[in-house]
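Going by full-length UniProt numbering, the first residue of the sequence shown is number 1, and it counts up by one from there. Ideal Cβ positions, reconstructed from N, Cα and C, are used throughout, including at glycine. Worksheet: the structure to be examined is printed underneath.
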Amino acid sequence: MPLDQAMATSESRSRDPITESERITRCWRHNHSFSLIILALLALLLIGDNMVDAAPFPPPDLTKCGMAYNSTEICCILPTSLSGKPIKKFEIQHAHLPLRFRRAAHLLDDAFIEKYQKAMELMRALPDNDGRSWNAQWRLHCAYCNNHLYYPDHEFPLEIHQSWLFLPWHRLFLFFHERILAKLIGDDNFALPFWNWDNQNNTEPFPNALPWAYYNNVSLSPTALNKTSSLWDPDRNPCSKPPRLVEFQTFIPCLPRPFPDLTRIQNAHMMWTQMVSAGATPLLMAGGEYRFGDFGGRGMGAVEGRPHSPMHAWTNVRDMGTFRAAASDPAFYGLHGNLDRLWELWKTLPGKYRGEVADPDYQNSEFTYYDEDGEQISATIKDFLDLKKIRVQYEEVSNAWVDKGTPQLNGDPAWLFCASDPSETGVARIIRKAPRFKAPMYVVKGPLTFKVKRRPNLNENHGEEMLELKVANFTWHKQHTINLFAYLPVAQYENTSIGCHEYLGTLQNFPHPGASPDMNYEMVYRVGIRRKLENMGRAHLKQLVITLVGQSYASPTSPGESGMNITSAKVIYSKL
1 MPLDQAMATS ESRSRDPITE SERITRCWRH NHSFSLIILA LLALLLIGDN
51 MVDAAPFPPP DLTKCGMAYN STEICCILPT SLSGKPIKKF EIQHAHLPLR
101 FRRAAHLLDD AFIEKYQKAM ELMRALPDND GRSWNAQWRL HCAYCNNHLY
151 YPDHEFPLEI HQSWLFLPWH RLFLFFHERI LAKLIGDDNF ALPFWNWDNQ
201 NNTEPFPNAL PWAYYNNVSL SPTALNKTSS LWDPDRNPCS KPPRLVEFQT
251 FIPCLPRPFP DLTRIQNAHM MWTQMVSAGA TPLLMAGGEY RFGDFGGRGM
301 GAVEGRPHSP MHAWTNVRDM GTFRAAASDP AFYGLHGNLD RLWELWKTLP
351 GKYRGEVADP DYQNSEFTYY DEDGEQISAT IKDFLDLKKI RVQYEEVSNA
401 WVDKGTPQLN GDPAWLFCAS DPSETGVARI IRKAPRFKAP MYVVKGPLTF
451 KVKRRPNLNE NHGEEMLELK VANFTWHKQH TINLFAYLPV AQYENTSIGC
501 HEYLGTLQNF PHPGASPDMN YEMVYRVGIR RKLENMGRAH LKQLVITLVG
551 QSYASPTSPG ESGMNITSAK VIYSKL
């Protein structure tokens, strides 16, 4: 065919009319391709936004510490010599790290106590504007806890409680505090003792009583400038001396407790519940996700709620019962030393998903402290997750409570049900009578009872079984404590033991200065339940009956009772 004829034929074909069906098909293909492009662009934008918003916390500049919202407290005592100086970076691979062997405080000899008293005496003698001083140390905790540290162009302050930052921040705080004390006395191997309060051994000296190192008010050194022990605090509760034992049941100190053996049993059972069952995954143990730019304090980990919080109140409700002055009692450092030891122990307990939080926003978050020279120094969480790497070792002590949670038929005979009829018939009656959860449900004191579905046939490969509660519209300036029980609709906050089989865990919020009263954020609370249900012999049930009972405290800035609005309740399965 000649070229001109072929071109003419081609033009003729190009001008041929198309059918309506072909036109619709072409139009659909064009629009579909365009839609896919738009969706892809939107996805990239969303990913980009998340990459910007989801980020680790950079180290705060302590010289920028300021007054918290609606607060007059003074937490920012800062060395004037630091102004304008860059923050040093703690490079763990280049640091000189002697082995620090942390001993159980109830087993300390007088020689060590005298050394510790001397170190604290020297720290207390330093001027307030020295970052190594006692006042600068405990006020540093206050600054991090009560919203005194803001970042430029960010609306919300840094908050190191009620989230996954709680455990690592305190580990690093002890680490640098310990280095300061060691240098003050010229002993490179000095290590802080830990108060072994979870140990319910009934042999004297009792590990679960306040150690003599703290309650003795006399300096052991004949050359001490102050004859009063530098480890003693006159504000401690009068009931915190031996032979009185620590108790995890209540936040109100000095209530009559005439049966110490019952207290030991209750404490041991609660330790198993919180460490083995309630805190069975990294986030259940550590606390909720909290990223740079977020509003903090919306997801407390299992052990932060109990036993950590009642230990503060039991010891010294005036100082340690507040975020402001909690670290102003030397017993605080022994208390948190044991909590740090328990974090390490937790990794060895039963469960498929125990380990460090792997999220890079967690691992790469940084905090700023004062080093042994009184200068600002930043440290990264990931460098402190391995105790061997930072050369810290804890003395071996009894962890007998770990064995309290064997299956109910062969378990601890002292572990009892609180229900009057724990039989299968009694449980079936409770399930039948319980209403299904229907949001919203509001609880102040309770009891508030409802049931949710669960899938008993799912194995551990699907993740740990946990109850998830979402809470909204409550007053952030009130203290709230909610105990959770399974299949116990008659539960009460004051009179139902947390040593019962039915106790599942605790939900808490602690008020603190700096949180705007206009902020109304949702709190997500999760508690592991599978192991406790197995312990009770009820892991086969398809309905979980939950009862919430609460204790709330009126705040001077916002009087009156307040509770929690439960907006969602369901059983989920997660490996995190």
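Item: For Glu372, which of helix, strand or coil comes out of DSSP?; Value: coil
Item: Are at least three pairs of beta-carbons, each pair with one atom in the stretch 257-265 and one in the stretch 435-445, less than 8 Å apart?; Value: no
Item: Distance, Cα to Cα, Ser277 vs Glu494?; Value: 23 Å
Item: Does the beta carbon of Lys438 come closer than 8 Å to any beta carbon on chain C?; Value: Absent from the structure: chain C. Only one protein chain is present.
Item: Helix, strand or coil: how does DSSP classify Val490 here?; Value: coil
Item: Between the alpha carbons of His177 and Leu533, how many angstroms are there, rounded?; Value: 41 Å
Item: Spell out a yes or no on whether the stretch 96-105 and the stretch 311-325 are touching, meaning 3 or more CB-CB pairs, one atom from each, closer than 8 Å.; Value: no
Item: Counting Cβ pairs, one atom from each stretch, are 3 or more of them under 8 Å apart for the stretch 104-114 and the stretch 219-229?; Value: yes
Item: Decide yes or no for the touch test of the stretch 287-297 against the stretch 121-133: beta carbon pairs closer than 8 Å, at least 3 of them.; Value: no
Item: In the stretch 445-469, which residue ranges form an unbroken beta strand (DSSP E) of at least 3 residues, counting only runs that do not cross its ends?; Value: 448-453
Item: Helix, strand or coil for Gly537 per DSSP?; Value: coil
Item: Thinking C-beta only, is Leu469 closer than 8 Å to Ala569?; Value: yes
Item: How about the stretch 333-352 and the stretch 393-403: do they share at least three Cβ pairs that are nearer than 8 Å?; Value: yes
Item: Use the C-beta contact count for Asn146: other C-beta atoms within 10 angstroms, 16 or more gives buried, fewer gives exposed.; Value: buried
Item: Give a yes or no on contact between the stretch 360-376 and the stretch 168-188, applying the rule of three or more CB pairs nearer than 8 Å.; Value: yes
Item: At 3 residues or longer, what runs of the beta strand (DSSP E) sit wholly inside the stretch 202-287?; Value: none
Item: Helix, strand or coil: how does DSSP classify Asn135 here?; Value: helix
Item: Can you have a look at Lys404 and say buried or exposed, based on whether 16 or more other CB atoms are within 10 angstroms of its CB?; Value: buried
Item: Rounded to whole angstroms, how far is the Cβ of Asn237 from the Cβ of Thr315, which I believe are closer than 8 Å?; Value: 7 Å
Item: What residue range does the beta strand (DSSP E) around Thr567 cover?; Value: Met564 to Ser574
Item: CB Thr506 to CB Thr547, shorter than 8 Å?; Value: no
Item: Three-state secondary structure (DSSP) at Met311?; Value: helix
Item: Checking 8 Å against the spacing of the C-beta atoms, do Gly334 and Pro435 come in under that value?; Value: no
Item: Reducing DSSP to helix, strand and coil, say where residue 586 ends up.; Value: Limits of the chain in this structure are 1 at one end and 576 at the other, which puts residue 586 out of reach.
Item: Do you know whose CA, among Trp232, Leu225 and Leu82, lies nearest Pro211's CA?; Value: Trp232
Item: At what residues does the alpha helix (DSSP H) containing Gln117 begin and finish?; Value: Asp110 to Ala125
Item: In the DSSP output, which residue or residues are listed as bridge partners for Val443?; Value: Met564
Item: Leaving out the 5 sequence neighbours to the left and right, which residues in its chain are closer than 7 Å to Lys89 when beta-carbon positions are compared?; Value: Ser378
Item: Ala491 to Asp61, Cα distance in whole Å?; Value: 47 Å
Item: Alpha carbon to alpha carbon, how far is Gly293 from Phe156? Give it in angstroms, no decimals.; Value: 7 Å
Item: DSSP on Gly321, reduced to helix/strand/coil?; Value: coil
Item: Of the choices Pro440, Lys451 and Val357, whose alpha-carbon is the least far from that of Lys433?; Value: Lys451
Item: Can you grab the Cα-Cα spacing for the pair Tyr521 / Pro350, in whole Å?; Value: 34 Å
Item: What I want to know is whether the C-beta of Arg531 ends up closer than 7 Å to one or more non-hydrogen atoms of the ligand FMN.; Value: No copy of the ligand FMN occurs in the structure displayed, which carries no ligand at all.
Item: Taking contact to mean 3 or more Cβ pairs, one atom from each stretch, closer than 8 Å, check whether the stretch 194-206 and the stretch 350-363 are in contact.; Value: no
Item: Where Lys575 and Gly279 are concerned, what is the direct C-alpha to C-alpha distance, given to the nearest angstrom?; Value: 12 Å
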